[in-house]
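As given, the protein sequences belong to chains A and B, one line each in that order.
When we follow our numbering, the leftmost residue of the first sequence carries the number 1, and every step to the right adds one.
When we follow our numbering, the leftmost residue of the second sequence carries the number 1, and every step to the right adds one.
Here a beta-carbon is modelled for each residue, glycine too, at the ideal position from N, C-alpha and C.
Encoded as structure tokens, the structure appears first; notes follow it.
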Amino acid sequence: MEVEVTHLTKVFRTKTESVRALDGVSLLCPSGKVLSLLGPSGCGKTTLLRSIAGLEEPDSGEIRFGERVVWSKEKGINVPPEQRGIGMVFQSYAIWPHMTVFENVAFPLRIKKLSRAEIECRVRAALAMVQLSGFENRPATRLSGGQQQRVALARALVSEPRVLLFDEPLSNLDAKLREATRHELRAFLLELGITAIYVTHDRAEALAISDEIAVMNMGKIVARGTPKELYFFADDPFVADFIGRANFLKGIFAGLTQDGFAEIRCSFGTLKCVASQDFPLGREVTVLIRPESFTLEGEGNVLSGKVVSAIFTGERYEVQVRLDDETVVLAELEPTTVSAPKPGDLLKLKVRPQWCRVLRS
Amino acid sequence: MVQGPPLLRTRPAFTSKTLFILALISVVAALTVGPAVMLLLGSFSQRLGRIGPFTFAKYVAVYTDPALPKIIANTCIFVLSSSALATIVGTTLAFLNVRTDIPGKGIFQVLPLVPMMFPHVLFAAAWIMLLNPSNGLLNVWLRAVFPVSSGPLNIYSLAGMIFLEGLLDVPVTFMVVAPAMFAFDPALEEAARVSGARLGQVLRRVTLPLLRPAILAAFMLAVIRGLAAFAVPQMVGIPGRVQILTTYIYRIVSIGWSPDYGKAAAVGVFVLALALILVYLYRALTAESERFVTVTGKGYRPQVIRLGRARWPLFFGVLLFFFVLVLLPLGVLVYMSFLPYVVSPGPKAWELFSVGNWVYVFNDPIASRALKNTVILAVAGATAAVLLSLFVAYAVTRIRTGLTALLDSLTFMSYAFPGLIIGIGFMWFLVRTPLYGTVWALLLAYVGTYLPYGVRPLGSAFFQIHKDLEDSGRVCGATFLGTFRKIVVPLVTPGAFSAWALLAAMFVRELSVAAVLARPGSEVLSVQVLKYAYDGLWGRVSALGIVMIFLSSTLVAGASILRRRLSRGLY
Numbered sequence: 001m002e003v004e005v006t007h008l009t010k011v012f013r014t015k016t017e018s019v020r021a022l023d024g025v026s027l028l029c030p031s032g033k034v035l036s037l038l039g040p041s042g043c044g045k046t047t048l049l050r051s052i053a054g055l056e057e058p059d060s061g062e063i064r065f066g067e068r069v070v071w072s073k074e075k076g077i078n079v080p081p082e083q084r085g086i087g088m089v090f091q092s093y094a095i096w097p098h099m100t101v102f103e104n105v106a107f108p109l110r111i112k113k114l115s116r117a118e119i120e121c122r123v124r125a126a127l128a129m130v131q132l133s134g135f136e137n138r139p140a141t142r143l144s145g146g147q148q149q150r151v152a153l154a155r156a157l158v159s160e161p162r163v164l165l166f167d168e169p170l171s172n173l174d175a176k177l178r179e180a181t182r183h184e185l186r187a188f189l190l191e192l193g194i195t196a197i198y199v200t201h202d203r204a205e206a207l208a209i210s211d212e213i214a215v216m217n218m219g220k221i222v223a224r225g226t227p228k229e230l231y232f233f234a235d236d237p238f239v240a241d242f243i244g245r246a247n248f249l250k251g252i253f254a255g256l257t258q259d260g261f262a263e264i265r266c267s268f269g270t271l272k273c274v275a276s277q278d279f280p281l282g283r284e285v286t287v288l289i290r291p292e293s294f295t296l297e298g299e300g301n302v303l304s305g306k307v308v309s310a311i312f313t314g315e316r317y318e319v320q321v322r323l324d325d326e327t328v329v330l331a332e333l334e335p336t337t338v339s340a341p342k343p344g345d346l347l348k349l350k351v352r353p354q355w356c357r358v359l360r361s
Numbered sequence: 001m002v003q004g005p006p007l008l009r010t011r012p013a014f015t016s017k018t019l020f021i022l023a024l025i026s027v028v029a030a031l032t033v034g035p036a037v038m039l040l041l042g043s044f045s046q047r048l049g050r051i052g053p054f055t056f057a058k059y060v061a062v063y064t065d066p067a068l069p070k071i072i073a074n075t076c077i078f079v080l081s082s083s084a085l086a087t088i089v090g091t092t093l094a095f096l097n098v099r100t101d102i103p104g105k106g107i108f109q110v111l112p113l114v115p116m117m118f119p120h121v122l123f124a125a126a127w128i129m130l131l132n133p134s135n136g137l138l139n140v141w142l143r144a145v146f147p148v149s150s151g152p153l154n155i156y157s158l159a160g161m162i163f164l165e166g167l168l169d170v171p172v173t174f175m176v177v178a179p180a181m182f183a184f185d186p187a188l189e190e191a192a193r194v195s196g197a198r199l200g201q202v203l204r205r206v207t208l209p210l211l212r213p214a215i216l217a218a219f220m221l222a223v224i225r226g227l228a229a230f231a232v233p234q235m236v237g238i239p240g241r242v243q244i245l246t247t248y249i250y251r252i253v254s255i256g257w258s259p260d261y262g263k264a265a266a267v268g269v270f271v272l273a274l275a276l277i278l279v280y281l282y283r284a285l286t287a288e289s290e291r292f293v294t295v296t297g298k299g300y301r302p303q304v305i306r307l308g309r310a311r312w313p314l315f316f317g318v319l320l321f322f323f324v325l326v327l328l329p330l331g332v333l334v335y336m337s338f339l340p341y342v343v344s345p346g347p348k349a350w351e352l353f354s355v356g357n358w359v360y361v362f363n364d365p366i367a368s369r370a371l372k373n374t375v376i377l378a379v380a381g382a383t384a385a386v387l388l389s390l391f392v393a394y395a396v397t398r399i400r401t402g403l404t405a406l407l408d409s410l411t412f413m414s415y416a417f418p419g420l421i422i423g424i425g426f427m428w429f430l431v432r433t434p435l436y437g438t439v440w441a442l443l444l445a446y447v448g449t450y451l452p453y454g455v456r457p458l459g460s461a462f463f464q465i466h467k468d469l470e471d472s473g474r475v476c477g478a479t480f481l482g483t484f485r486k487i488v489v490p491l492v493t494p495g496a497f498s499a500w501a502l503l504a505a506m507f508v509r510e511l512s513v514a515a516v517l518a519r520p521g522s523e524v525l526s527v528q529v530l531k532y533a534y535d536g537l538w539g540r541v542s543a544l545g546i547v548m549i550f551l552s553s554t555l556v557a558g559a560s561i562l563r564r565r566l567s568r569g570l571y
């Protein structure tokens, strides 16, 4: 079932200030897709999710689940959360400490007054799905963080909702478990084919989990696309910076090459880049290059300079290189193909024009 | 293994710390275990002032008293009903304050202050003036409005006792339940909402069960206080011929030619044991409820429930409650302090209006001495208690060894102490010392009985000071004591002033310990009020009572002004 919000606004007022948590947000989550809301803290992503759940009431706009309007200021519609048919996983998991695992998961079914046999059967199935079979009678207080997260997921799924909402569900797990859970959750959501909206401030998590990502900033959606599109081809400076590590190089637009690339003249040399719009000649522009786009072999643009510092992080070398004009760029090089760079080494960094992006201005 | 000097360097610090804790333990044990043990020994002794010869006679005498079963039944009904009343009202108020959009929430902040300002004995006195069956002001008014010839309400009854004690314990239950409601992760409720539960179902199936430990804790605290209750049962129970254990004990030690402290102790031991069991159960329970709270680090914003049409009626209900709890009794005291006996407002009252009571109480030599003693006890007692609490709280929160855990338990023990009974223990403890019969005996007993009320707030004050602040003092070369004096004490000073204000106000209104220990020369205001009330001198009760309220309010206000000034200098 698709979920659509239109022109949603919400202002939080305190005695001293008012914050626009949602500033006219419109968004469509296609049926059966996983959509992430990504943004820094305070950008309004949680407010948007809670508005969709019905836990928060916006000031104006409309929220629609499929054909059914669940909230509309104009039409005076406000379906309470319990009637929206959603499942939700909270950041704190919100596992009720006074119930067992079984009772936690059975709760939505008990509210629906299903028969005992059916409850039993569906709870077991849900627990099996999250690999917690055998934990039925465990008190909820005696679960690890990862187990609590699974119980929360089972509880969200057990009533077969048509929309699943996630509020930073992995942020309370430790780093290693978080990475493992990303894989599991992605596979799980793919298999389920359920519409899911996923709030996170962790870009890696958003990239890994989602079919599509909406990046939010200051109450607005500033970019929308598939993970790969956003990562490599974002042309908004905020999005480019937020979604990954980036080098921003200043230059002047000097025309187009025959093969259709933009020529950008920087003070250390000229770069061939991709541009999504036309610029007047001589316009000052910014070029985005991801650190991992650099190599030492191959062809393309060449940036030469002196190594300032080099660290080995396991997966790669991170090298800071000072170019001729004193600009410092960050490059990530594969340790298997490169011998250890040392400060003072001269390096010729290569980057193909496809990975150099002129940002919108 | 590398051998070297570090062992030599840590050794002295270890022993001085241990000595410090052992010294604290002996002081605290003397003030808490001491009187409890003396009470036990006393109950097996023949006469006050000499332990032994060993005898069961007191137990036989007291437990074969045919009046006792009735007294125990009364005690149970009184304690359980007043606690239930206090818990229900306190929980409701906490819910209205924390979880609903009821208007005028500022009024709830008055609630924790009420027990600091309003001595129980005066609350009971004010309600006697309002609801005694012959000329109680409300009864007279009701008789004029409704066609009844007598009554209709009688405060001198078990129901009256339950009503008063229940109201007086509301702030206590409120202060236990409200923070639990604040600390509640709203996601636990939201998860139930999105699971399809309506608001009512959420409250019934998630919110209430999760708050059960806090509500139970509030109830147990009210039960412990109910067991210790003395002012209300003595003031309204005795005229109504309703005896409970504390008033029974008081009668044994205060009436007749030869008070029998052995018999009193024999009953007291039983009540004290019961209270101790309850206190440690309470402690286990609250430790459990702390474990219940799931901390996520997210800012909690409890979901506010809209009351809709019930909003204003509930608001007026709350206003009425505060009127009955504070304004009405206070107004009656002021009014009555200018009258010789209970007269309804009207021309007759205007005729009798005089400042006679005020002139009398200020010229009564015993009342003046009581005032002086009360001021000494409040100021010196609170200071001594805060100083001791400062060290104990520091040791308990910061050092954390097996010994400090023992210290913590010893301190906590005082929560169980019914003042009247532990007062009898102190009696045995001090009777052979020169302190007996002086105001200093009272001071020691006060500090021992009310120590947890100083240690608790100071403990949480210490808890908020990051350990690094202190460690950096040590790293910079200050000694353990030097760091304590220069870093810890200044940081904890605002908290110490709050604790001081609380203790000073408690010592002004203290009645039950003083009722046993005060002797001619060491009278205090609360006991003097009890005496005036016994003689039916309600005008003097009111005048002296207002002096008490004024005294404790001044001390509390003074302490908070000083605290504010100091914390401004600090940050």
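Helix, strand or coil, according to DSSP, for residue i in the structure here?
{"i": "W71/A", "result": "strand"}
{"i": "G160/B", "result": "helix"}
{"i": "P179/B", "result": "helix"}
{"i": "S26/A", "result": "strand"}
{"i": "Y571/B", "result": "With a pLDDT of only 43 at Y571/B, under 50, the local geometry of the prediction cannot be trusted, and no value is derived from it."}
{"i": "D325/A", "result": "coil"}
{"i": "N172/A", "result": "coil"}
{"i": "S304/A", "result": "strand"}
{"i": "C356/A", "result": "strand"}
{"i": "L562/B", "result": "helix"}
{"i": "Q46/B", "result": "coil"}
{"i": "I119/A", "result": "helix"}
{"i": "S134/B", "result": "coil"}
{"i": "N1/A", "result": "Asn is not the amino acid found at residue 1/A; the sequence shown has Met there. Looking at M1/A - three-state DSSP - the assignment turns out to be coil, as it is neither helix nor strand."}
{"i": "I139/A", "result": "In the sequence on display, residue 139/A carries Pro and not Ile. It is a strand residue."}
{"i": "K113/A", "result": "coil"}
{"i": "Y93/A", "result": "coil"}
{"i": "Q277/A", "result": "coil"}
{"i": "I155/B", "result": "coil"}
{"i": "K372/B", "result": "helix"}
{"i": "M99/A", "result": "coil"}
From the options, pick the residue whose C-alpha is nearest to that of residue i; which is it?
{"i": "P291/A", "options": "E332/A, G282/A, V11/A and G32/A", "result": "E332/A"}
{"i": "P186/B", "options": "E118/A, R50/A and V158/A", "result": "R50/A"}
{"i": "T9/A", "options": "P40/A, R64/A and K73/A", "result": "K73/A"}
{"i": "F578/B", "options": "Y63/B, F230/B, A36/B and T173/B", "result": "In the structure as shown, chain B begins at 1 and stops at 571. Residue 578/B is therefore absent and cannot be evaluated."}
{"i": "S389/B", "options": "S354/B, K372/B, L328/B and F412/B", "result": "F412/B"}
{"i": "S309/A", "options": "R360/A, V328/A, D59/A and P81/A", "result": "V328/A"}
{"i": "V163/A", "options": "T200/A, G66/A and I289/A", "result": "G66/A"}
{"i": "G317/B", "options": "A86/B, P103/B and G151/B", "result": "P103/B"}
{"i": "L285/B", "options": "L211/B, K263/B and A385/B", "result": "L211/B"}
{"i": "F56/B", "options": "T100/B, D65/B and Q46/B", "result": "Q46/B"}
{"i": "K75/A", "options": "H201/A, S304/A, R64/A and Q83/A", "result": "R64/A"}
Since residue i and residue j are thought to touch, with beta carbons under 8 Å apart, how far apart are those beta carbons, to the nearest angstrom?
{"i": "I224/B", "j": "V177/B", "result": "Contact doesn't hold; Cβ gap of about 16 Å is too wide."}
{"i": "V267/B", "j": "V37/B", "result": "Actually they are not in contact, since the Cβ atoms of V267/B and V37/B sit about 17 Å apart, beyond 8 Å."}
{"i": "L48/A", "j": "A240/A", "result": "That pair is no contact at about 22 Å."}
**Prompt:** Per the contact definition of three or more C-beta pairs closer than 8 Å, is the stretch 97-115 of chain B in contact with the stretch 321-336 of chain B?
**Reply:** yes
**the stretch 26-38 of chain A in contact with the stretch 206-215 of chain A per 3-pair CB rule at 8 Å** = yes
**Item:** Contained alpha helix (DSSP H) runs [length at least 4] in the stretch 214-294 of chain B, N- to C-terminal order
**Value:** 245-254 and 261-292
**Contact between the stretch 151-165 of chain B and the stretch 122-136 of chain B (3+ Cβ pairs under 8 Å)** = yes
**Asked** Is the stretch 455-466 of chain B in contact with the stretch 529-538 of chain B, if contact means three or more CB pairs nearer than 8 Å?
**Response** no
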